[in-house]
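Shown next, in structure tokens, is the structure this report addresses.
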Amino acid sequence: MSNLLYDSLFGCHAGDAKPFLIFADGRSLSYDAFLRMAARFANTINAAGLIVGDRLAMQVEKSAEALAVYAACMQSGVIFLPLNTAYTPAEVEYFISDSGARMLIANDADSLQTVASTHQVILHNMAADGSGSFTDLAATASDIYAPAARGGDDLAAFLYTSGTTGRSKGAMLTQNNLLSNAETLIDEWRFTEDDVLLHALPIFHTHGLFVATNIILLARASMIFLPKFDVDMVFAALPQATSMMGVPTFYTRLLDDQRLTVQSTSHMRLFVSGSAPLLAETHIQFSQRTNQQILERYGMTETNMNTTNPYDGPRRAGTVGKPLAGVELKITDPDTGARVADGTIGQIEVRGPNVFVGYWNMPEKTREELREDGFFITGDLGFIDDQGYLQIVGRNKDLIIAGGYNIYPKEIELILDEQPGVIESAVIGVPHPDFGESVVGILVSDGTDSLDLEQITESVATSLAKFKQPRKLIVVDELPRNAMGKVQKNTLRDIYGSTLSG
Ligand code: MCA
Ligand code: AMP
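Residue 3 is where the sequence shown starts when you use the numbering used here, and the numbers rise one by one after that.
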């Protein structure tokens, strides 16, 4: 029986003693040992009653074991649903209930007991070192597992992405979405088995999980698997690496460190940036300090990667390059959907084998964003410049990106609006020196003295992940509106734009 994604990424490495993961302390884990662990996990998942097409949610710190749960899901045909470790139990509850997940593996399982019992989910814990009830159970399971038969159109993963309505949407990704993108990127970025990728990204998002990990698996390369991005750990690991992928905050933090020099990076063949706009200034400073041109690319959870600057050829600061092989990209008028001329700003639409198949249980949302002809409306605004490169100039969606994490203001506004003494609220993204953007909440008081900023801050903290919580709350008499009554967030950004800088 064949399982396209599993066979292509994982199964082909059976028996291979080559290191797949290299840890900060110098230990390593071979491909073969990793696959044996994954097979034990797949047997454990099935023994718990999960079958092909069921969902398994995971909210754990980064470890080899966590990555092996991903492999085990691919092997057993169970749909993998990774969750940001910063999410609160209230946020996790939504994902569990919406997806109908049957198993939840969590770092902090104790805090999720109620969620698990309410939704009849099998709950296991997994600590940052990979130990816990799930790994214990798997210890005695067989390390032989015949992969479930799965093809390119079968679902591989659900990745939740926030929405403009405040309700997160589960993007359904097929085996072929993931495999086709990894195959293309390996060629575009010239990954080979000689590569050692410095992996400091989280593994619950597309960037660290699919882009970085799948490329390494497909190339039979190795990765230095750091628990998180930490400047000291990165400089310690850098001499062994050939390549690194990161969000812009990685690069600004490296630039702030004197150890970033031509010498310390001269052996590196590639630095990739994505998930948020890389300031042209950062690109230029990095190249002045290191002689290395960061390669910027553009992607989304729903589409994997869409465009990239060239490996050979000019990597132009402030641009995200050209469409990947097999990806069609057009710029359209947001009102009519008609294609606009090169040089004209419009909404970015993409089509190709990389594009997801829809949002779980949200056919209407799917229809709004994914056209019948297969083009996906990204919600990003940009234009094709005179050299055929895409330049992203803004967003047609109300979205904040902080340190590479997406934050939809609506989700926060819904919570702020419910607070005592608040009539209404507006949440905006303002420039932040480290995270690129960060969150500010503007509140309109009802005129009584029941509005209590401290209490609101506490209340928000129980509902929302830390990275979504406003860094500052400001009380105003009223919100600026246009003639249609729509809140003018641009005006708010103009007024409060420098609130968090400096
Ligand atoms: C941590 N904090 C944040 C963020 N991360 N706040 C806003 N935005 C963030 N991204 C909070 C912490 O809870 C902490 O709060 C305070 O900010 C400072 O934390 P610090 O220790 O400095 O943060 P860190 O642990 O060093 O993390 C920063 C980071 C990390 C390294 C930039 O956020 C990260 O690895 N980001 C990568 C995200 C990513 O992989 N995105 C890809 C999405 P306090 O001190 O008050 O407790 S995939 C995607 O977008 C598409 C597909 C694409 O194109 O790739
Ligand atoms: P996500 O929903 O987390 O996958 O984030 C996708 C969004 O991140 C895109 O729609 C863009 O707005 C943004 N993004 C990703 N890469 C880039 C980039 N290189 N430059 C600007 N924005 C980016």
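Ideal placement from N, C-alpha and C gives every residue a C-beta, glycine not left out.
It should be emphasised that the depicted structure is a prediction, and the values quoted were computed from it without experimental measurement.
Taking 8 Å as the upper bound for CB-CB distance, F82 and L58 are in contact here, some 6 Å apart. Restricting attention to alpha helix (DSSP H) runs no shorter than 4 residues, the region 245 to 330 encloses them at 250 to 257, 264 to 267, 282 to 292, ordered along the chain.
Per DSSP, I403 lies in no alpha helix (DSSP H) segment; the continuous beta strand (DSSP E) that holds it begins and ends at 402 to 404. In this structure, S503 sits near P435, with a CB-CB distance shorter than 7 Å. Here the distance from the Cβ of K468 to the nearest heavy atom of the ligand MCA is below 6 Å. Bridge partners of N183 according to DSSP: none are assigned. Annotation: T116 to D448 spans about 35 Å, alpha carbon to alpha carbon. For K468, there is no enclosing alpha helix (DSSP H), since its DSSP letter is neither H nor E. Between the C-alpha atoms of D18 and F193 there is a straight-line separation of about 19 Å. Restricting attention to R38, Q122, F97, M128, the CA atom closest to the CA of A111 is found in M128. Apart from the 5 residues on each side of it in sequence, T244 sits with its Cβ closer than 8 Å to the Cβ of D196, D197, V198, L199, H269, M270, R271, L272 in its chain, given in chain order. The beta carbon of L455 sits closer than 6 Å to the beta carbons of L475 from its chain, once the five residues preceding and following it are set aside; these are given in chain order. For the options P365, M225, I347, the alpha carbon positioned closest to that of N398 is the one of I347.
In this chain, the alpha helix (DSSP H) harbouring S119 covers 115 to 120. An exposed status is given to Y313, since fewer than 16 other beta-carbon atoms sit within 10 Å of its beta-carbon. When Cβ pairs closer than 8 Å are counted between the two stretches, the region 57 to 72 is seen to touch the region 126 to 140, the count reaching three or more.
The three-state reading of DSSP puts N5 in strand, counting E and B together.
DSSP places K171 inside the beta strand (DSSP E), whose first and last residues are 171 to 176. Beta-bridge annotation (DSSP): R192 is not paired with any residue.
In this structure, G406 places its C-beta atom within 7 Å of the C-beta atom of A278.
If you draw a 10 Å sphere on the C-beta of Q471, you find 16 or more other C-beta atoms in it, and that means buried. Here DSSP, grouped into helix, strand and coil, assigns I47 to helix.
In the three-state scheme derived from DSSP, where H, G and I count as helix and E and B as strand, A159 is classed as strand. DSSP places L445 inside the beta strand (DSSP E), whose first and last residues are 438 to 447. Rounded to the nearest angstrom, the Cβ distance from G172 to L203 is 21 Å, too far for a contact under 8 Å. DSSP places L494 in the uninterrupted alpha helix (DSSP H) bounded by 491 to 498.
Under DSSP, no beta-bridge partner is assigned to K64. When C-beta atoms of the region 297 to 309 are compared with those of the region 332 to 339, fewer than three pairs fall below 8 Å, so the two segments do not count as touching.
For the set R483, N109, Y8, the Cα lying nearest the Cα of R152 is the one of Y8. Judged by DSSP secondary structure, T380 falls within the beta strand (DSSP E) whose first and last residues are 378 to 386. Taking all protein chains in view, the Cβ of R317 is crowded by 16 or more other Cβ atoms within 10 Å, so the residue is classified as buried. When DSSP states are grouped into helix, strand and coil, K412 belongs to the helix group. The region 38 to 52 makes no contact with the region 176 to 195, as fewer than three CB pairs between them are under 8 Å. Put simply, the backbone Cα of A467 is about 33 Å away from that of N45.
Shown here for G354: same chain residues with a beta carbon closer than 7 Å to its own, the five before and five after excluded, namely G328, V329, E330 in chain order. Counting along the chain, V236 sits inside the alpha helix (DSSP H) bounded by residues 233 to 239.
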